[in-house]
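Per this note's numbering: the sequence shown = residues 144 to 862. Backbone N, C-alpha and C define an ideal beta-carbon position, used for all residues, glycine too.
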Amino acid sequence: MKWISLRITELCCPEEVLLIRSELEGSAGIGGLEFDVFSRRLNVQHDDTIVSIKGLIRRLDAIGMTASPWREVRHGATFRTRNDIIRTVTTWLSGLALLAGIILHAVAFIPHKGYIDWITADVTLFTQVFYGLSIALGLIWILPKSWRAIVRGCPDMNLLMFVAVIGALVLGEWFEATMVVFLFAVSNGLEQWSMHRALVAMQTHVLQSPLIARCLESGHAQAVEVAVEQVEIGTLVEVWAGEMIPLDGKVTSGETYINEASLTGESLPVTRRVGDSVFAGTTNIESTMQIRTTRRVSDSTLARTMSMASQARLKQAPIQRWVDKFSFYYTPVVMLIALLLMVIPPFILGEAFDEWFKISLVALVVACPCALVISTPVAVVVAMTECLRRGVIVRGGQFLEAMASIDAVCLDKTGTLTEGSPVCEGVWTAPDVSQEDLLGYAAALESQSLHPLGKAIVEYATALGITPLSIEHSESIIGCGVQGTVNGTAAWIGSLRWARQMLGQSGLVNPLVDETDTAGVTTVVVGQGTTLLGMIAIMDPLKAGAVEAIEDLRSLGVRQIVILSGDEQPTVDFIGDQLGVTQRHGALLPAQKLEMVEELSGGHRVAVVGDGINDAPALARAQVGIAMGALGVDVVLESADVTLMRNDIQQVPWLIRYARRMKRIIRNNILFALALKIVVLGLAVCGYAYLWLAVIADTGATLLVVLNALRLLGSIDRD
144 MKWISLRITE
154 LCCPEEVLLI
164 RSELEGSAGI
174 GGLEFDVFSR
184 RLNVQHDDTI
194 VSIKGLIRRL
204 DAIGMTASPW
214 REVRHGATFR
224 TRNDIIRTVT
234 TWLSGLALLA
244 GIILHAVAFI
254 PHKGYIDWIT
264 ADVTLFTQVF
274 YGLSIALGLI
284 WILPKSWRAI
294 VRGCPDMNLL
304 MFVAVIGALV
314 LGEWFEATMV
324 VFLFAVSNGL
334 EQWSMHRALV
344 AMQTHVLQSP
354 LIARCLESGH
364 AQAVEVAVEQ
374 VEIGTLVEVW
384 AGEMIPLDGK
394 VTSGETYINE
404 ASLTGESLPV
414 TRRVGDSVFA
424 GTTNIESTMQ
434 IRTTRRVSDS
444 TLARTMSMAS
454 QARLKQAPIQ
464 RWVDKFSFYY
474 TPVVMLIALL
484 LMVIPPFILG
494 EAFDEWFKIS
504 LVALVVACPC
514 ALVISTPVAV
524 VVAMTECLRR
534 GVIVRGGQFL
544 EAMASIDAVC
554 LDKTGTLTEG
564 SPVCEGVWTA
574 PDVSQEDLLG
584 YAAALESQSL
594 HPLGKAIVEY
604 ATALGITPLS
614 IEHSESIIGC
624 GVQGTVNGTA
634 AWIGSLRWAR
644 QMLGQSGLVN
654 PLVDETDTAG
664 VTTVVVGQGT
674 TLLGMIAIMD
684 PLKAGAVEAI
694 EDLRSLGVRQ
704 IVILSGDEQP
714 TVDFIGDQLG
724 VTQRHGALLP
734 AQKLEMVEEL
744 SGGHRVAVVG
754 DGINDAPALA
764 RAQVGIAMGA
774 LGVDVVLESA
784 DVTLMRNDIQ
794 QVPWLIRYAR
804 RMKRIIRNNI
814 LFALALKIVV
824 LGLAVCGYAY
834 LWLAVIADTG
844 ATLLVVLNAL
854 RLLGSIDRD
């Protein structure tokens with residue numbers, strides 16, 4: 144089976160989601176459905192040998208859903224369709240007819256003389272004509288959906304409104320019926336406006352790359368503007384000061400400051416010079432530069448990030464699934480209550496039928512679950528957008544919800560608690576081994592490494608003018624080091640623990656351990672078979688803000704803070720003492736980290752923070768796996784539930800606090816939507832039964848939950 148994305152023009156609220164599910168879910172050839180109401184997007188997993196794309200579109204069209212293949216729309220584009228425009232016009236005409244009816248109705252109460260008796264004699268008829276016109280204009284949109292609901296045996300808000308209107312007309316309440324139709328049309332418009340407003344507000348928080356790149360093509364004296372989709376890898380592109388960088392690449396000329404806030408959330412500019420990587424969507428601040436593109440626009444870091452964010456919107460949080468399940472039962476239960484209100488008081492208790500019939504109609508309007516159903520997804524999507532703006536990619540609402548209940552955090556050391564930019568402090572060589580040979584072997588083995596320690600060794604050798612030896616192949620042993628063939632001989636580089644295994648008891652490891660394992664220094668051992676070549680001492684200072692982040696986690700009620708590291712225990716203890724963390728474990732293999740996370744998960748909700756490479760098993764086992772420093776590193780970008788684009792440990796407590804705020808807003812939205820419906824139903828039972836009041840309450844609840852969710856856009860301080 145494969146996935147296909149469709150744009151559904153009528154997909155504007157959860158009710159259409161239920162309709163599409165009832166049509167497609169469980170059908171032959173359909174594997175799965177994913178919805179993004181905000182973007183009007185439907186993803187369908189299907190077997191194209193059973194269900195073709197045209198067949199899917201026809202089936203959706205049969206239930207009133209206009210579908211077309213998905214095409215990405217850039218910021219500023221509108222989702223307003225022809226039907227939206229026609230619906231707006233008919234709503235205005237319905238309102239004008241309602242106003243005319245109200246004016247004519249008022250004429251009957253104006254003192255007058257006999258010469259206008261011929262007008263007032265037929266005022267009731269004229270009033271009903273205008274009211275009827277207003278109702279007809281509104282029912283144009285309600286009737287087709289009501290009929291489909293009847294055919295499918297699945298009552299929706301359109302059917303409930305239709306029954307309420309017919310009931311009001313039966314009672315002779317023309318004004319009530321007209322107000323219900325008009326206000327329902329207005330409520331639909333306001334709901335779409337509020338959803339569109341939420342989408343626009345979110346789009347303004349996420350920058351996109353330019354449409355045009357200024358390419359320096361051979362044979363041309365000046366730069367040629369080319370659509371970014373047509374720019375190939377290896378093209379030379381010129382970027383002027385103040386412009387946004389159109390594609391990922393490496394600087395070939397110039398030195399400037401770059402604002403990377405669109406990817407990392409960090410507003411402070413960073414210096415980029417020849418050889419440095421730059422990314423699409425970031426802004427060149429100071430001077431003109433030239434870059435050589437390294438990726439096509441569709442594969443840029445920004446495009447991959449936006450794709451992940453778009454996919455995350457399709458995944459429901461547990462609380463959203465609970466609300467959907469609740470609303471599934473809520474509507475039929477309230478409809479049953481409406482039926483009981485219509486039957487029991489008049490036919491069993493002897494009350495007036497008209498009064499209780501009207502009350503039951505109010506209950507039908509209250510049965511519409513729109514505000515309730517929309518209360519959760521709008522908050523989750525807005526929250527994930529704010530996270531994205533800050534350089535935090537959350538791969539689904541379920542992980543953001545899980546962050547709200549985290550009470551234990553496991554932290555890797557290198558690159559998480561330390562700067563992740565280690566420097567070599569010194570080199571120790573075995574007898575008859577020169578420093579040049581040792582670093583030549585080490586740099587060769589680490590030449591393809593993504594680990595910060597490996598990069599530090601290569602940079603140290605390069606700074607000393609030492610060229611890495613020839614390497615035929617290499618293999619990374621996660622949690623241990625790297626082994627390969629250098630100059631035709633087997634060689635390796637890695638941790639002290641692994642070195643003991645490689646060298647056995649005859650190795651000269653122990654005497655050198657005492658010399659090199661000083662406080663905060665990590666020792667890397669280089670060997671050739673069972674022969675020790677030497678050691679390299681590397682220092683990685685504590686990350687700025689790490690102490691504050693640990694204190695912040697404690698203030699949030701995180702009861703267990705644990706350091707899990709592959710470094711030797713003395714180095715881990717040194718970092719732990721600086722942070723005030725008593726639970727610290729060193730010399731751990733990835734499997735051992737996994738065991739400790741599993742043990743801790745027995746009584747706690749655990750988040751694991753690491754580099755996304757060596758910590759992959761532990762990240763996968765935790766309730767939430769958080770990978771740091773993903774900018775420009777693809778394997779990190781896609782390795783965890785939450786990805787921090789920049790190496791800022793303080794984003795972890797921020798995310799916990801923000802997730803808790805999101806959960807509070809969702810809870811408030813649900814309680815408010817339910818409470819308002821209960822109040823309206825109570826007022827109806829007490830004799831204040833107005834259908835138009837019920838419609839206004841439902842519309843107001845929908846607007847307020849959307850506006851309340853939009854409060855999640857923007858910074859938060861301590862609660």
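Can you name, in chain order, every residue of its own chain whose Cβ lies under 7 Å from the Cβ of residue i, other than the five neighbours on each side?
i      : result
Thr555 : Per the sequence shown, the amino acid found at residue 555 is Asp instead of Thr. Answer for Asp555: Leu707, Ser708, Val752, Gly753, Asp754, Asp758, listed in chain order.
Gln712 : Gly729, Ala730
Ile809 : Ile462, Ser518, Thr519, Ala522
Ala307 : Val323, Leu504, Leu507, Val508, Leu834
Gly569 : Ala680
Asp841 : Ser330, Val508, Cys511, Cys513, Ala514
Ile480 : Ala506
Val477 : Ala506, Val509, Ala510
Asp716 : Arg727
Ile792 : Thr559, Leu560, Lys686, Gly688, Ala689, Ala692
Would you call the CB atoms of residue i and residue j closer than 8 Å?
i      : j      : result
Val505 : Val823 : yes
Val749 : Ala765 : yes
Ala586 : Ala604 : yes
Ile355 : Val394 : no
Thr561 : Lys686 : yes
Gln726 : Ile693 : no
Ala599 : Ile681 : yes
Ser277 : Thr321 : yes
Thr786 : Thr714 : no
Arg875 : Thr231 : The structure shown does not extend to residue 875, since the chain is modelled only from 144 through 862, so no value can be given for it.
Thr399 : Arg415 : yes
Met771 : Gly631 : no
Ile401 : Ile428 : yes
DSSP puts residue i in a beta bridge; with which residues?
i      : result
Asn402 : Thr426
Val413 : Ile401
Thr233 : None, per the DSSP bridge assignment.
Gly670 : Trp635, Leu675
Ile704 : Val552
Val367 : Cys358
Gln433 : Glu381, Ser396
Lys145 : His189
Tell me which residues share the same chain as residue i and place their Cβ nearer than 8 Å to its Cβ, disregarding the 5 neighbours each side in the sequence.
i      : result
Ile700 : A small correction: the amino acid at residue 700 is Gly; Ile does not occupy that position in the sequence shown. If we look at Gly700 and ignore the five residues flanking it on each side, its Cβ neighbours are Asp550.
Ile206 : Leu162, Ile163, Glu166, Arg291
His616 : Gly627, Thr628
Gly332 : Arg230, Thr231, Thr234
His348 : Summary for His348: the model assigns pLDDT 48, below 50, so the residue's position carries little reliability; its value from the coordinates is reported in the next sentence. Contacts found: Thr528, Glu529, Leu531, Arg532, Leu856.
Asn811 : Asn851
Leu484 : Trp499, Ile502, Ser503, Ala506, Val828
Leu581 : Val570, Thr572, Val669, Leu676, Gly677, Ile679
Can you give me the start and stop residues for the beta strand (DSSP E) that residue i sits inside?
i      : result
Phe178 : 173-179
Leu675 : 674-682
Met788 : Counting along the chain, Met788 falls outside any beta strand (DSSP E), and DSSP gives it neither H nor E.
Val187 : 184-189
Considering residue i, what are the terminal residues of the alpha helix (DSSP H) in which it resides?
i      : result
Trp213 : Where Trp213 is concerned, there is no enclosing alpha helix (DSSP H), given that its DSSP letter is neither H nor E.
Ser708 : Ser708 -> no alpha helix (DSSP H), and no H or E assigned at all.
Thr474 : 461-490
Lys197 : 196-205
Ala689 : 689-698
Gly825 : 794-828
Ile839 : 834-853
Val313 : 300-313
Apart from the five residues just before and just after residue i, which ones in its own chain have a Cβ nearer than 6 Å to its Cβ?
i      : result
Gly244 : Thr270, Phe273, Tyr274
Gly650 : In this prediction, Gly650 has a pLDDT of 49, which is less than 50 and means its spatial position is unreliable; what the coordinates show is noted afterwards. The residues are Leu675.
Ala633 : Gly672
Gln626 : Glu618, Trp635
Which runs of the beta strand (DSSP E) fall wholly inside the stretch 584-647 and span at least 3 residues, in chain order?
614-620, 624-629, 632-637
Please give the ranges of any beta strand (DSSP E) in the stretch 503-576, keeping only runs that are unbroken, at least 3 residues long and fully inside the region.
535-537, 551-554, 566-572
Give the list of continuous alpha helix (DSSP H) stretches no shorter than 4 residues that lie fully inside the stretch 729-773.
733-744, 759-764
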